[in-house]
Every structure is written in structure tokens, then in C-alpha cells.
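Trainee: Residue numbers (my numbering): 500 to 919.
The beta-carbon is built from N, C-alpha and C at its ideal position, and this holds for glycine as well.
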Ligand code: AMP
Ligand code: GLY
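(1) From this set, 687, 719, 590, 756, which residue's C-alpha is nearest residue 778's C-alpha?
(2) Measuring only from the beta carbon, is residue 854 closer than 8 Å to any heavy atom that is part of the ligand PLP?
(3) Compare the Cα-Cα distances from residue 531 to each of 703, 771, 545 and report the closest residue.
(4) Between the alpha carbons of residue 844 and residue 665, how many angstroms are there, rounded?
(5) Specify, as a first and last residue, the run of the beta strand (DSSP E) that residue 629 falls within.
(6) To the nearest angstrom, how far is it from the Cα of residue 721 to the Cα of residue 550?
(7) Cβ-heavy atom distance between residue 603 and the ligand AMP below 8 Å?
(8) Contact defined as beta carbons within less than 8 Å: I believe residue 661 pairs with residue 643. What is the distance between those atoms, to the nearest angstrom?
(9) Indicate the three-state DSSP secondary structure (helix, strand or coil) for residue 841 in the structure shown.
(10) Measuring straight from C-alpha to C-alpha, what distance separates residue 756 and residue 528?
(11) From the DSSP output, in three-state form, read off residue 906 for me.
(12) Compare the Cα-Cα distances from residue 837 to each of 854, 667, 874, 516 and report the closest residue.
(13) Kindly give me the distance between the Cβ atoms of residue 596 and residue 782, rounded to whole angstroms, as I take these residues to be in contact under 8 Å.
(14) Rounded to whole angstroms, what's the CA-CA distance from residue 564 to residue 706? Just pull it up for me.
(15) Would you call the stretch 678 to 695 and the stretch 736 to 745 touching, i.e. three or more CB-CB distances under 8 Å?
(16) Classify residue 865 as helix, strand or coil using the three-state DSSP reduction.
(17) Of the choices 524, 542, 654, 905, whose alpha-carbon is the least far from that of residue 829?
(18) Mind checking whether the beta-carbon of residue 726 lies closer than 8 Å to any heavy atom of the ligand GLY?
(19) Can you check DSSP and say which residues form a bridge with residue 765?
(20) Would you call the stretch 515 to 523 in contact with the stretch 573 to 588, where contact means no fewer than 3 C-beta pairs closer than 8 Å?
(21) Would you kindly report the start and end of the unbroken alpha helix (DSSP H) that includes residue 605?
(22) For residue 538, does the count of other Cβ atoms within 10 angstroms reach 16, so buried, or fall short, so exposed?
(23) Is the closest heavy atom of the ligand GLY to the C-beta of residue 599 under 8 Å?
(24) I'd like to confirm something about residue 765: is its beta-carbon nearer than 8 Å to some heavy atom of the ligand GLY, or not?
(25) DSSP state of residue 561, grouped into three classes?
(26) Going by DSSP in three states, residue 569 sits in which element: helix, strand or coil?
(27) Please state if the CB of residue 511 and the CB of residue 785 are separated by a distance shorter than 9 Å.
(28) State the DSSP-derived secondary structure class of residue 579, mapped to helix, strand or coil.
(29) Rounded to the nearest angstrom, how far is the Cβ of residue 789 from that of residue 515, given a contact under 8 Å?
(30) Helix, strand or coil: how does DSSP classify residue 935 here?
(31) If the criterion is Cβ atoms closer than 9 Å, does the pair residue 592 and residue 703 meet it?
(32) Starting from residue 645, follow the alpha helix (DSSP H) in both directions and report where the run begins and ends.
(33) May I ask you to report which of helix, strand or coil DSSP gives residue 706?
(34) Can you tell me whether residue 503 is helix, strand or coil according to DSSP?
(35) For residue 788, verify whether its CB is less than 8 Å away from any heavy atom of the ligand GLY.
(36) Residues in its own chain within less than 8 Å of residue 674 by CB, not counting five upstream and five downstream?
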């Protein structure tokens, strides 16, 4: 039997820890640093790679990395050097997410469909380009900017302001030393996540996120305010297209370029006229997509992650999924994604029915109370026979939970209903 160390502290990591603890192959699951809902928390932050490696070595752990930041810092390379087993991509492979320019050039040379783009490091040239075109644009910081470095523009003025924000004011620091200005694609967005072992990729269940803070996809982008799985937007024929034209092409090309990709490969896709375009790659599970996906997984997650690290995923059967639909509604602190209060006591966490899973994100345990401790606080996740009933089950469960500045969107999952 092996122990598992999950690195991270969000709702995604709570869901991963919860699922991995169910494996008959796993003894104990630790989470570093974890949150108020995870068990066996280890007080080491995600950037303390040497300390995490020492802990994993002393406790016979297989390590699973949740967020992108430690991957971009090379946690997998460091663990590999020390012969410690770890699930996730190397620093080099993480460039698919950590440098949008690298990812775009990779897609361009490997003929993977994505929005047309130009790269700039000079504000004057970027400004001239924006003024010379009437196409709708999106302006993106090259590097990691905690999900905030993408500005979808409705006008030339907004695109010029975006250049000012990223390249001139350096709001995202060095992540904005270079920018991409790309064509805005108006279509339907969904998340397609696959499990990769360096050679092949097998699909996880499809899902759809809700990135904006307010109902009807209005207001600023967030880390994600809710998700559901599966999504009717990705039917079998669309899944096959994405798997063949995006995921398999990427895995084959990464291997050919000597950067084999192991880990979760997440393609954020925009589907327009039946054609899937890659908006961005992430090199990890989505948060909150992980929560509904995980509760639908019948198979043993540890077995699949361990086989991916070994490079023998082809020996595994397809993952088995619960036929039900799962919906995760994120309960956030009012004010998120900007400023918000912390340390508010959360009530009503004990009472929930079968088929309801309350994953913690920004929470902490103090004495016997659970306090809010972040922007996204909880992910109330429910199963239902249909998307409609899963939505209703999730929202009923959110009503039992309260704290003074609780906020959630009221339309999670509704986008999917229009496709049924
Ligand atoms: P990203 O952080 O790259 O996923 O971008 C954040 C959000 O911006 C995406 O989820 C999309 O909603 C939107 N977005 C990014 N690129 C484009 C694009 N080329 N066209 C339209 N929307 C986009
Ligand atoms: N939910 C979007 C992400 O994890 O990036």
C-alpha cells in the first residue's frame, strides 16, 4: 500500500484527495497545505518544493499536483531527480500553460486549430496593429497571471486599454513582458480534459465551466463559478473530433519534440460551426471542473494516475463513469474576484443528503468551526438523473449553507439545458 500526497488547497484538491482516499491501493492521503475540508493536512505551502519532497520521501507518498504554479516551478523534475513518484508534467511540458506564446507557436507548427494571433513586446507596434484592424480581439499576457491575464475586448478602445494594462502598466508583472493579440472567436466554450502518460491520452468526462462572476456570463472572469459534467455541447462526434484533432495531435507532437506530456491535459475549446478551436491549454485538472468529474468516476483514480506515471496507460480499460449528471455550484465570498472578507463562520455544513458532496476551497478549521478563508469558498456538488435534476439538487443543498457574505451565480448548468 502506498500513501498519497495531494499538493494544493482548493476545491479541486479536496475532490482529488476525497477520491484517492477511496482507492483500495491507497493507505493514507495527505494534503499540503489543504483546507478546512481536507484531512491529514500537512502545513507546507505549494512553493516549498524541497520540503514537499522530504515529506513525500519520509512518508512513502505518491504525489499528485493540483495547481499550475508548482508545476511551472519544476516540482515534477525535482521529484524525478530524487526518484520520488509524482503525477504531473515536467517544467518543460508545463509551457503549454505557462507561456501562451509557446503554446500558440506549438499549435501553429503542429497544425492544431486555434485563433489567429500576433505577438508583441512593444506597445507602439501593438497599438498600430489594433488600430489597423476592425476584427474583434482578445489581448493576453504571455505568462501565468492567476487566470486574470486574458482581456476579451468589445471595441478598439478596450483593446488599446488592454495593451496599456498589460504591456505598459505591467499589472501582471513580468507575465506581461510580451502579449498575444488574437482573433476573438464567438462560439460555445467547453472543457475537455484527458489523462496522458507521455505516449497516449484517454479522455476524462466532458464538462463546462462558468467563468464570469455574474449570471448570463457577465462581469469579470474568475477561476470558475460552477461546472457540470457531462456537457451535451460535447456529444460523441464532437468528443472524437477533439480527441483526434487536438489531444492526440498534441500528445504525439510533444513526444516528437522530446517533451513527452504526462498528466492531465486540459483543452479549453471554443466550438464554432461544429469546429473546435483551442482557446488555451492547461496542464492540470480544471477547478471547479474536477469536482463534478470526480464524483462521476467509478474507476479507481489512483490506479489511472499511477499507470500514467509508469507510461502504461494503454494497458488500462476505458474509465467507467456514472451515467448521472453532476453539477457543482461554487459558493464564493461577495466581492470576489476582487476584495472580500475572510474569517466568517460557515453554518449548515453538516446537513446534506446522499448524492451531495460539499468540497471545500477557501476554508479553514478553527477550534470546531469552519471559517471562510478565500474567494471561492465551497463547491456544492450534486448528482441527478438529468442535468435539470442535478441543478435542482445542487441549488437545494446550497440553501442549507450560510455565512454573511455568501454569493453564488443562480444559473450554473442552464447553458447546457438549451442543448438538450
Ligand atoms: P483563458 O484564461 O486563456 O482560458 O481565457 C479566459 C477566457 O477568455 C476563456 O475562457 C474565454 O472565455 C475567453 N477567451 C480566450 N480567448 C478567446 C478567444 N480567442 N475568443 C473568444 N474568447 C476567448
Ligand atoms: N476552471 C478553469 C480552470 O481551471 O482553469
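Mentor: Checking against the coordinates, here is how it stands:
(1) By one-based count along the chain shown, residue 778 stands at place 279. Comparing Cα positions, the closest option is 687.
(2) Judged by which ligands are present, the ligand PLP is missing from the structure shown, whose ligands are the ligand AMP and the ligand GLY.
(3) Sequence index remark: in the chain shown, residue 531 carries index 32 (1-based). Per the Cα distances, 545.
(4) Here residue 844 is taken as the residue at index 345 of the chain shown, counted from 1. Here residue 665 is taken as the residue at index 166 of the chain shown, counted from 1. Straight-line Cα distance between these residues: approximately 37 Å.
(5) Against the chain shown, residue 629 aligns to sequence position 130. DSSP places residue 629 outside any beta strand (DSSP E); the residue lies instead in the alpha helix (DSSP H), whose first and last residues are 622 to 631.
(6) Taking the chain shown and counting its residues from 1, the one referred to as residue 721 is at position 222. Taking the chain shown and counting its residues from 1, the one referred to as residue 550 is at position 51. Residue 721 and residue 550: Cα-Cα distance of roughly 30 Å.
(7) Against the chain shown, residue 603 aligns to sequence position 104. Not under cutoff, so the answer is no.
(8) Counting from 1 along the chain shown, the entry for residue 661 is found at position 162. Counting from 1 along the chain shown, the entry for residue 643 is found at position 144. The pair is not a contact, with the Cβ atoms about 17 Å apart (cut-off 8 Å).
(9) For the purposes of this step, residue 841 is identified with residue 342 of the chain shown, where counting begins at 1. Of the three classes helix, strand and coil, the one that applies to residue 841 here is coil, per DSSP.
(10) On the chain shown, position 257 is the one that residue 756 refers to. On the chain shown, position 29 is the one that residue 528 refers to. Cα to Cα, residue 756 sits roughly 35 Å from residue 528.
(11) The count along the chain shown starts at 1 and reaches residue 906 at position 407. Three-state result, residue 906: strand.
(12) The sequence position of residue 837 within the chain shown is 338, counting from 1. Of the residues 854, 667, 874, 516, the one whose Cα lies closest to the Cα of residue 837 is 874.
(13) In the chain shown, the residue the question calls residue 596 occupies position 97. In the chain shown, the residue the question calls residue 782 occupies position 283. Rounded to the nearest angstrom, the Cβ distance from residue 596 to residue 782 is 5 Å, consistent with a contact under 8 Å.
(14) Taking the first residue of the chain shown as 1, we reach residue 564 at position 65. Taking the first residue of the chain shown as 1, we reach residue 706 at position 207. For residue 564 and residue 706, the distance between alpha carbons rounds to 21 Å.
(15) A contact exists between the stretch 678 to 695 and the stretch 736 to 745.
(16) Against the chain shown, residue 865 aligns to sequence position 366. Three-state result, residue 865: strand.
(17) Counted from its first residue, the chain shown places residue 829 at position 330. Looking at the Cα atoms, 905 is the closest of the given residues.
(18) Counted from its first residue, the chain shown places residue 726 at position 227. It does: the Cβ of residue 726 is within 8 Å (strictly closer) of some heavy atom of the ligand GLY.
(19) Position 266 of the chain shown, counted from the start, is the residue given in the question as residue 765. Note: residue 765 sits in a beta bridge opposite 692, 781.
(20) Touching, no.
(21) To locate residue 605, count along the chain shown from 1; it is residue 106. Its alpha helix (DSSP H) spans residues 599 to 608.
(22) Here residue 538 refers to the residue found at position 39 of the chain shown. With fewer than 16 other beta carbons inside 10 angstroms of its own, residue 538 counts as exposed.
(23) The count along the chain shown starts at 1 and reaches residue 599 at position 100. False, no ligand heavy atom lies under 8 Å from that Cβ.
(24) Taking the chain shown and counting its residues from 1, the one referred to as residue 765 is at position 266. Checking the Cβ of residue 765 against the ligand GLY gives yes.
(25) The count along the chain shown starts at 1 and reaches residue 561 at position 62. When secondary structure is reduced to three states using DSSP, residue 561 falls in the strand class.
(26) Along the chain shown, one-based indexing puts residue 569 at 70. Reduced to three states, the DSSP call for residue 569 is helix.
(27) Looking up residue 785 in the chain shown gives position 286. Looking up residue 511 in the chain shown gives position 12. Yes, the Cβ-Cβ distance between residue 785 and residue 511 is below 9 Å.
(28) If you number the chain shown from 1, residue 579 lands on position 80. Residue 579 falls in the helix class under three-state DSSP.
(29) Locating residue 789 in the chain shown gives position 290, where the first residue counts as 1. Locating residue 515 in the chain shown gives position 16, where the first residue counts as 1. Their Cβ separation, rounded to whole angstroms, is 7 Å, which keeps residue 789 and residue 515 in contact under 8 Å.
(30) Nothing can be reported for residue 935: it is not among the residues displayed for the chain, which extend from 500 to 919.
(31) For the purposes of this step, residue 592 is taken as the residue at position 93 of the chain shown. For the purposes of this step, residue 703 is taken as the residue at position 204 of the chain shown. No; because the gap between Cβ atoms is not below 9 Å, this pair is not in contact.
(32) The sequence position of residue 645 within the chain shown is 146, counting from 1. Taken as a continuous stretch (DSSP letters only), residue 645 belongs to no alpha helix (DSSP H), as it is neither H nor E.
(33) Walking along the chain shown from the start, residue 706 turns up at place 207. Three-state DSSP puts residue 706 in a strand.
(34) Mapped onto the chain shown, residue 503 falls at position 4. Per DSSP, reduced to three states, the secondary structure at residue 503 is strand.
(35) Counting from one through the chain shown, the residue named residue 788 turns up at place 289. At least one heavy atom of the ligand GLY is nearer than 8 Å to the Cβ of residue 788, so yes.
(36) Looking up residue 674 in the chain shown gives position 175. Excluding positions up to five away in sequence, the list reads 640, 641, 642, 643, 644, 648.
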